[in-house]
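Going by the working numbering, the letters in the sequence shown line up with residues 822 to 1218, in that order. For glycine and all other residues, C-beta sits at the position ideal for the given N, C-alpha and C.
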Amino acid sequence: MREFEAHVRRFLDRVPAEILALEVDDVTRSARWHRALHEAGLAAIAYPRRFGGAGLTPAHQELFDRLASQRRLPVSRHGIGIGMVYPTLVEHGGDELRRKYLVPLLRGEDLWCQLYSEPGAGSDLASLQTRAVRDGDVFRVTGQKVWTSGAAEADLGIAIVRTNVDVPKHRGITMMVIDMRQPGVTVRPLRQMTGVSEFNEVFLDEVVVPVSDVVGDVDRGWRLAVALLHNERRSLGTGRGGRQPASFEWLVEAARDRGLTGDRLIRQELAWVHSANLILSWLKARSEASAEAGRGPGPEGSVGKLWRTRLGRRAAALGGRIVGSAAIAGPAGDGGVDRWAYVMCDAPGMSLGGGTDEIQRNTIGEKVLGLPREPSVDREVPFRDLLTGKHTPTGTP
Ligand SMILES: Cc1cc2nc3c(=O)[nH]c(=O)nc-3n(C[C@H](O)[C@H](O)[C@H](O)COP(=O)(O)OP(=O)(O)OC[C@H]3O[C@@H](n4cnc5c(N)ncnc54)[C@H](O)[C@@H]3O)c2cc1C
822 MREFEAHVRR FLDRVPAEIL ALEVDDVTRS ARWHRALHEA GLAAIAYPRR FGGAGLTPAH
882 QELFDRLASQ RRLPVSRHGI GIGMVYPTLV EHGGDELRRK YLVPLLRGED LWCQLYSEPG
942 AGSDLASLQT RAVRDGDVFR VTGQKVWTSG AAEADLGIAI VRTNVDVPKH RGITMMVIDM
1002 RQPGVTVRPL RQMTGVSEFN EVFLDEVVVP VSDVVGDVDR GWRLAVALLH NERRSLGTGR
1062 GGRQPASFEW LVEAARDRGL TGDRLIRQEL AWVHSANLIL SWLKARSEAS AEAGRGPGPE
1122 GSVGKLWRTR LGRRAAALGG RIVGSAAIAG PAGDGGVDRW AYVMCDAPGM SLGGGTDEIQ
1182 RNTIGEKVLG LPREPSVDRE VPFRDLLTGK HTPTGTP
């Protein structure tokens, strides 16, 4: 472990700064970062070498995360691939898909997006209407996805689509890999209140997917869809993926700059953020321990995701309180002010992306605490007999 630590320290001393200094766009910078991690044996640290990982243990990953969290690192734009698609393909992908996708994914050569949500299927994801019809050796996929983060830059999408309308909604779903660079894929960016277009509408019009790019079995994709969501929540909860809460250090710096470190109410909130960060690190340690014991990510990932969201929203509100009206009315281009305007507008999205707070609470209630399941009247009804199943999906914008 000591040798590994020395290797990580040497890497972190040199490589992040070199990559941050590159004059390239942020997707290219992120790709260079992941390639460097992979070349240094620091990608997928706890995964076997045959899957492109480093073949070490979760304790090594934990050590890397701890050391890395103390440094300024390039921002990763490859989080969906690395945090969600990679573990799902390792577990459920089969040899051909693993060979084809895992290493390019870890090396930042392919940028992935997640094609799950639709205009009529968010929390109730199993109501999705995007249809895939078998045509010889391929499926032809038609429909619309929405809120797809990173779709405008993505090379590949992990999609869930409907392949059978004659069975109840959870049963006729298939997971597949969609090549985002092919004709028939139209991506329309959506502008968020931060001013950034991070997510998109995606229209799929007779898009071609080889049968060999189906993950798992046709019509049995719901289980995999849920497995990927657990990986997503673990990734969001442990802080390896998704939006980062405003850091404690930023908040203290902002309070110092404005002479507010003696203000009792500000101090009280700062103490809350500090404590919440500690709790988050313990939740993360628990998740690592469960990985070390060979247990996959389960519904308890929702606890971490929910807590991180609460921390992110309260830290953003505190930032706004410290900076005051300058956070929204201050001069554009002033880094200190712009940062807080962005953080405040961005934080509410944490309650939605990866499943809303209410859905996390439902999951915790049902799957962790063993409370009775939510009533559901459409669980056993064939999809084609549901109102939502009667619509014909269109893939044109
Ligand atoms: C920043 C961001 C990034 C995203 N990135 C992606 C992405 O890359 N790929 C992707 O596929 N999706 C993405 N999403 C979409 C996200 O997964 C959905 O917004 C989310 O699942 C909620 O779906 P919805 O927006 O349709 O809301 P709805 O499901 O319509 O929910 C509306 C409200 O009703 C509540 N509600 C719904 N059902 C229940 C219930 N059973 N019990 C209690 N309350 C309920 C919800 O909590 C919510 O408050 C992203 C969203 C955001 C904000």
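If we count the other Cβ atoms within 10 Å of its Cβ and call it buried at 16 or more, is Thr1215 buried or exposed?
As a position in the sequence shown, residue 1215 is number 394, starting the count at 1. With fewer than 16 Cβ atoms within 10 Å of its Cβ, Thr1215 is classed as exposed.
In angstroms, rounded to a whole number, what distance separates the CA positions of Asp1221 and Arg1088?
What the structure shows of the chain is the stretch from 822 to 1218, and residue 1221 is not part of that stretch, so it cannot be assessed.
Leaving aside the five residues before and after Phe1204 along the sequence, list all residues of the same chain whose C-beta is less than 8 Å from its C-beta, in chain order.
Numbered from 1 along the sequence shown, position 383 holds the residue referred to as residue 1204. Excluding sequence neighbours, Phe1204 sits near Arg983, Asn985, Val986, Asp987, Val988, Pro989, Lys990, Gly993 and Gly1210.
Counting C-beta neighbours from all protein chains within 10 Å, is the total for Trp1043 16 or more, i.e. buried, or is it exposed?
Your numbering for residue 1043 matches position 222 in the sequence shown. Buried: at least 16 other Cβ atoms inside 10 Å.
What's the C-alpha gap between Glu1090 and Ala1048?
Taking the first residue of the sequence shown as 1, we reach residue 1090 at position 269. Taking the first residue of the sequence shown as 1, we reach residue 1048 at position 227. Each residue's alpha carbon lies about 36 Å from the other.
When you compare only the Cα positions, how much space is there between Gly914 and Glu1022?
The residue given as residue 914 occupies position 93 in the sequence shown. The residue given as residue 1022 occupies position 201 in the sequence shown. The straight-line gap from Cα to Cα measures roughly 27 Å.
Would you say Thr909 touches ligand 1, meaning its beta carbon is less than 8 Å from a heavy atom?
One-based indexing of the sequence shown puts residue 909 at position 88. Flag unset: Cβ of Thr909 not near ligand 1.
With a CB to CB cut of under 8 Å and the five nearest residues on each side skipped, what residues in its chain are close to Arg1131?
Sequence index remark: in the sequence shown, residue 1131 carries index 310 (1-based). Ala1097.
May I ask whether a heavy atom of ligand 1 can be found less than 8 Å away from the beta carbon of Ser926?
Position 105 of the sequence shown, counted from the start, is the residue given in the question as residue 926. Checking the sequence, you will find Leu at residue 926 rather than Ser. No, Cβ of Leu926 sits at least 8 Å from all heavy atoms of ligand 1.
Taking the alpha-carbon of Ala972 as reference, which of Val954, Arg1002 and Leu894 has the nearest alpha-carbon?
Taking the first residue of the sequence shown as position 1, residue 972 is located at position 151. Answer by Cα proximity: Arg1002.
Tell me which residues share the same chain as Leu926 and place their Cβ nearer than 6 Å to its Cβ, disregarding the 5 neighbours each side in the sequence.
Along the sequence shown, read from residue 1 onward, the residue named residue 926 stands at position 105. Hits under 6 Å: Gly902 and Tyr907.
Using 10 angstroms around the beta-carbon of Gly1133, count the other beta-carbons present and answer buried if the total reaches 16, otherwise exposed.
Reading the sequence shown from its first residue, position 312 is the one you call residue 1133. Gly1133 comes out buried.
Could you pull out every residue in the same chain whose Cβ sits closer than 6 Å to the Cβ of Arg1005, ignoring the five residues on either side in sequence?
Along the sequence shown, one-based indexing puts residue 1005 at 184. First, the residue type needs correcting, since residue 1005 is Gly and not Arg in the sequence shown. Excluding residues within five positions, the ones whose Cβ falls inside 6 Å are Asp1026, Glu1027 and Val1028.
When the distance is taken between beta carbons, is Val954 closer than 9 Å to Met996?
Stepping through the sequence shown from its first residue, residue 996 is reached at position 175. Stepping through the sequence shown from its first residue, residue 954 is reached at position 133. For Met996 and Val954, no; Cβs fall outside 9 Å.
Leaving aside the five residues before and after Ser1172 along the sequence, list all residues of the same chain whose C-beta is less than 8 Å from its C-beta, in chain order.
Residue numbering aside, residue 1172 sits at position 351 when the sequence shown is read from its first letter. Cβ neighbours of Ser1172 beyond the five flanking positions: Thr1130, Arg1134 and Asp1178.
What residues are listed by DSSP as bridge partners for Arg840?
The residue given as residue 840 occupies position 19 in the sequence shown. In the sequence on display, residue 840 carries Ile and not Arg. Paired residues: none, contrary to the question.
Considering Asp1178, what are the terminal residues of the alpha helix (DSSP H) in which it resides?
Position 357 of the sequence shown, counting from 1, holds the residue named residue 1178. Note, Asp1178: alpha helix (DSSP H), Asp1178 to Thr1184.
Are Ala1147 and Asp1167 close, meaning C-beta to C-beta below 9 Å?
Residue numbering aside, residue 1147 sits at position 326 when the sequence shown is read from its first letter. Residue numbering aside, residue 1167 sits at position 346 when the sequence shown is read from its first letter. Cβ distance not < 9 Å, so Ala1147 and Asp1167 don't count as in contact.
Is the beta carbon of His881 sitting closer than 9 Å to the one on Ala852?
Your numbering for residue 881 matches position 60 in the sequence shown. Your numbering for residue 852 matches position 31 in the sequence shown. Cβ distance not < 9 Å, so His881 and Ala852 don't count as in contact.
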